[in-house]
Amino acid sequence: MKKPDTYNPFKRTAEGKFPSLSENAPLRYLSFSFLYFAQGLPEGLLMFGIPAWLAMNGKSAAEIGAFVAIVILPWSFKILAAPLMDRFTFLAMGRRRPWILFGQLGLAISFLSMAFIADPLNNMFMLKLFSFFVGLFAVFQDIAVDGLAIDILPEKEQARANGLMWGSKTIGISASVAIGISIINAYSFFHAIVFFSLFVFLILFFPLFFRERAGEKRLPWTKGKVSEVAASIQVQSFKELFTSLARVFILPVSLIMGVAAFSFSIGRGLINAMLPVFTVQELGWTDGDYSQTFAVIQLVSGILGMFVAGALIDFFGKVRMMSIYLILLILLVVSAFFLRDYWDNQYIFIGFIGILYTLIVFTTIAVFASAMQLCWKRISATQFTLYMAISNLGLASGAALLGPLKSFLAWEYVVLAFAVFAGFMLIAIQFLRFNKHTKRVAMLELNHTRLDESAVNLKPVEIVIPKAKKRDNN
Numbered sequence: 037m038k039k040p041d042t043y044n045p046f047k048r049t050a051e052g053k054f055p056s057l058s059e060n061a062p063l064r065y066l067s068f069s070f071l072y073f074a075q076g077l078p079e080g081l082l083m084f085g086i087p088a089w090l091a092m093n094g095k096s097a098a099e100i101g102a103f104v105a106i107v108i109l110p111w112s113f114k115i116l117a118a119p120l121m122d123r124f125t126f127l128a129m130g131r132r133r134p135w136i137l138f139g140q141l142g143l144a145i146s147f148l149s150m151a152f153i154a155d156p157l158n159n160m161f162m163l164k165l166f167s168f169f170v171g172l173f174a175v176f177q178d179i180a181v182d183g184l185a186i187d188i189l190p191e192k193e194q195a196r197a198n199g200l201m202w203g204s205k206t207i208g209i210s211a212s213v214a215i216g217i218s219i220i221n222a223y224s225f226f227h228a229i230v231f232f233s234l235f236v237f238l239i240l241f242f243p244l245f246f247r248e249r250a251g252e253k254r255l256p257w258t259k260g261k262v263s264e265v266a267a268s269i270q271v272q273s274f275k276e277l278f279t280s281l282a283r284v285f286i287l288p289v290s291l292i293m294g295v296a297a298f299s300f301s302i303g304r305g306l307i308n309a310m311l312p313v314f315t316v317q318e319l320g321w322t323d324g325d326y327s328q329t330f331a332v333i334q335l336v337s338g339i340l341g342m343f344v345a346g347a348l349i350d351f352f353g354k355v356r357m358m359s360i361y362l363i364l365l366i367l368l369v370v371s372a373f374f375l376r377d378y379w380d381n382q383y384i385f386i387g388f389i390g391i392l393y394t395l396i397v398f399t400t401i402a403v404f405a406s407a408m409q410l411c412w413k414r415i416s417a418t419q420f421t422l423y424m425a426i427s428n429l430g431l432a433s434g435a436a437l438l439g440p441l442k443s444f445l446a447w448e449y450v451v452l453a454f455a456v457f458a459g460f461m462l463i464a465i466q467f468l469r470f471n472k473h474t475k476r477v478a479m480l481e482l483n484h485t486r487l488d489e490s491a492v493n494l495k496p497v498e499i500v501i502p503k504a505k506k507r508d509n510n
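For the sequence shown, the numbering used here gives the first residue as 37, with consecutive numbering after it.
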């Protein structure tokens, strides 16, 4: 019996062309996984590997901190870049693919360019400058890939795709840290950068050869045309973009998701800031003990998220699985609070951290999948980036809370505070009604289309406001 085309994601069409992402599910999974893996390689090396190398070579905490700050800085521009990418594109090549190519190629070139910095240990200015551009191009690639995922992934694939994307990036980060430091120590900084840059260049294969939708141009000078689907959801002005964003973001389910994600991220930020301080200063771990433990836990939780989290969400549903994860997190933290006398046992505390971060990863994947489902495809890059900005604000707020909380609470109560934020999210998500939100977004799209037609035909249009319906179960 002949197998269907989906068993070979690279099988060409009857016309001899490579398949498009919109018509081939395995190809979508592979492309998104490799593109996120490509993000993880420079991120791991710049955020963790090179700072450790700088520390081993006598650089001060201030110098290393300044380097990491420069690496992180471009990510604060996401909320500015996303509207630009929703508004402008070369539509004949797809809505997102031109930006992905721009980001991925820029990422590869800027990353490779770092290899040619003369004496990087004594040339921190150039090291920071090139690191900034690596981060900047990674931002464009990240936003474009997320926007493409929302545009072409069917709802039933979003959870699994998010698991694969998160896991792939985690593997990229872990691999670049572990292998990168080994190559730097055994050979040189130059060899490590060149080695990983080659992988980033090779991953260009996916956005270069595989179109978003059938019939589009592969490159500006090749044959192809604008997809009717892409053209129908392309915004034509910034006014239209921001008006649409306001209309979809004030929908009840969207607001609830924003509040829930913010609350959960406060807890994550608090735990992320607390654990390295607590383990080193209170439990007597070395910084090496913590970093190695965290790296292994991150890798394992990422792989589990890659293959397990998405499948569970697909089978049981987003709200149900988020509720289960949050209940388990609350029970875990409360149990740890009552077992605080055993925290000195390193194996017990490592077990606690491992389970904690695995559940956090699973919850985060569910949150990302939920945010994708809530997005209006017309402005998906901007809307999804706004959710991520809210989440990042929560992370920063949680980290900032550590000092004030520790000033009047013992460590065990700081840990217990995580359960409060998780509990607030647990309550909030019970009011999520994805089916109702999907219908309202469809109504927004219908009314938007009618407005466009009325502008052409110079006829008035009636805006339909949906009536409230009985609550649905998601």
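Note that CB positions come from ideal geometry on N, CA and C, so glycine has one too.
- Within the segment 199-271, the complete alpha helix (DSSP H) segments at least 4 residues long are 225-238, 241-245 and 264-268, listed from N- to C-terminus.
- By the Cβ rule, the segment 387-394 counts as touching the segment 316-335, because three or more pairs are nearer than 8 Å.
- If the five residues before and after Met408 are omitted, its C-beta is found closer than 6 Å to the C-beta atoms of Ile186 and Gln194, all from its own chain and listed in chain order.
- Gly130 sits close to Glu252, with the two beta carbons spaced by under 7 Å.
- The criterion of a C-beta distance shorter than 7 Å is satisfied by Ala180 and Trp135.
- Remark: C-beta atoms of Leu365 and Ala458 approach each other more closely than 7 Å.
- By the criterion of a C-beta distance shorter than 7 Å, Arg196 is surrounded in its chain by Gly346, Ala347 and Asp350, once the five residues flanking it on both sides are discounted.
- A direct Cα-Cα distance of roughly 12 Å separates Pro156 from Lys95.
- Below 8 Å, enough C-beta pairs join the segment 281-301 and the segment 460-471 to call them touching: three or more.
- With a cutoff of 7 Å on beta-carbon distance, Gly199 and Gly341 are scored as near each other.
- Within the same chain, and ignoring the five residues on either side of Ala464 in sequence, the residues whose Cβ sits closer than 6 Å to its Cβ are Ile292, Val295 and Ala296.
- The alpha-carbon of Tyr383 is positioned some 16 Å away from that of Thr394.
- Sixteen is the threshold: when 16 or more other Cβ atoms of the shown chains lie within 10 Å of the Cβ of Phe176, as they do, the residue is buried.
- Taking C-beta atoms as the reference points, Ile217 and Gly76 fail to come closer than 7 Å.
- In its chain, beyond the 5 residues on either side, Arg249 and Glu252 have a beta carbon closer than 6 Å to the beta carbon of Ser263.
- Annotation: Pro243 to Leu137 spans about 6 Å, alpha carbon to alpha carbon.
- No residue range can be given for Val344, since it is assigned to no alpha helix (DSSP H) and is classified by DSSP as neither H nor E.
- Its Cα nearest to that of Lys475, the residue Trp412 stands out among Trp412, Leu437, Tyr449 and Ala417.
- Cβ-Cβ distances below 7 Å link Phe68 to Val181, Ala185, Ala197, Leu200 and Met201 in the same chain, with the five nearest sequence neighbours on each side left out; the list follows chain order.
- Where Asn308 is concerned, the enclosing alpha helix (DSSP H) starts and stops at Pro288 to Gln317.
- Your pair Leu172 and Val236 does not check out as a contact, with CB atoms roughly 15 Å apart and the cut at 8 Å.
- Setting aside the 5 residues that flank it on each side, Ser427 is surrounded in the same chain by Ala297 and Ser301, each with a C-beta closer than 6 Å to its C-beta; the list follows chain order.
- Counting only the Cα atoms, Ala446 lies some 12 Å from Gly439.
- For Asn428, the uninterrupted alpha helix (DSSP H) run begins and ends at Ser416 to Phe444, by DSSP.
- Judged by DSSP secondary structure, Arg123 falls within the alpha helix (DSSP H) whose first and last residues are Lys114 to Arg123.
- The continuous stretches of alpha helix (DSSP H) do not include Glu59, and DSSP gives it neither H nor E.
- Per DSSP, reduced to three states, the secondary structure at Ala154 is coil, with no helix or strand assignment.
- A contact between stretches requires three or more CB pairs, one per stretch, nearer than 8 Å, and the segment 145-165 fails this requirement with the segment 263-274.
- The Cβ atoms of Phe70 and Ile339 do not sit closer than 7 Å to each other.
- Around the beta carbon of Leu367, fewer than 16 other beta carbons lie within 10 angstroms, which makes this residue exposed.
- Spanning the alpha carbons of Gly80 and Val107 requires a straight line of approximately 11 Å.
- For Gln140, the enclosing alpha helix (DSSP H) stretches over residues Arg133 to Ser149.
- Residue range Phe274 to Phe285 is occupied by the alpha helix (DSSP H) that includes Lys275.
- Residue state for Arg64 is assigned as helix, using DSSP reduced to three classes.
- A direct Cα-to-Cα measurement between Ile229 and Ala211 gives close to 13 Å.
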